[in-house]
Amino acid sequence: MFHVKRLTKQQKKSNDHLSINIFNYFIQIKIIYYFLH
1 MFHVKRLTKQ
11 QKKSNDHLSI
21 NIFNYFIQIK
31 IIYYFLH
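Using my numbering, you'd call the opening residue of the sequence shown number 1 and step up by one each time.
Given below as structure tokens:
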């Protein structure tokens, strides 16, 4: 039980990290788009 709880906590952490990466990626695309146009 404890192990599973720890695992889901870790999963959530990686999910948050993933969404941050996507957000940064999106910002980079907007910046590139802005400079190209």
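Note that CB positions come from ideal geometry on N, CA and C, so glycine has one too.
- I32 and H17 have their C-alpha atoms some 23 Å from each other.
- The C-alpha of F26 is placed about 27 Å away from the C-alpha of T8.
- The straight-line gap separating the alpha-carbon atoms of Q11 and F23 is approximately 18 Å.
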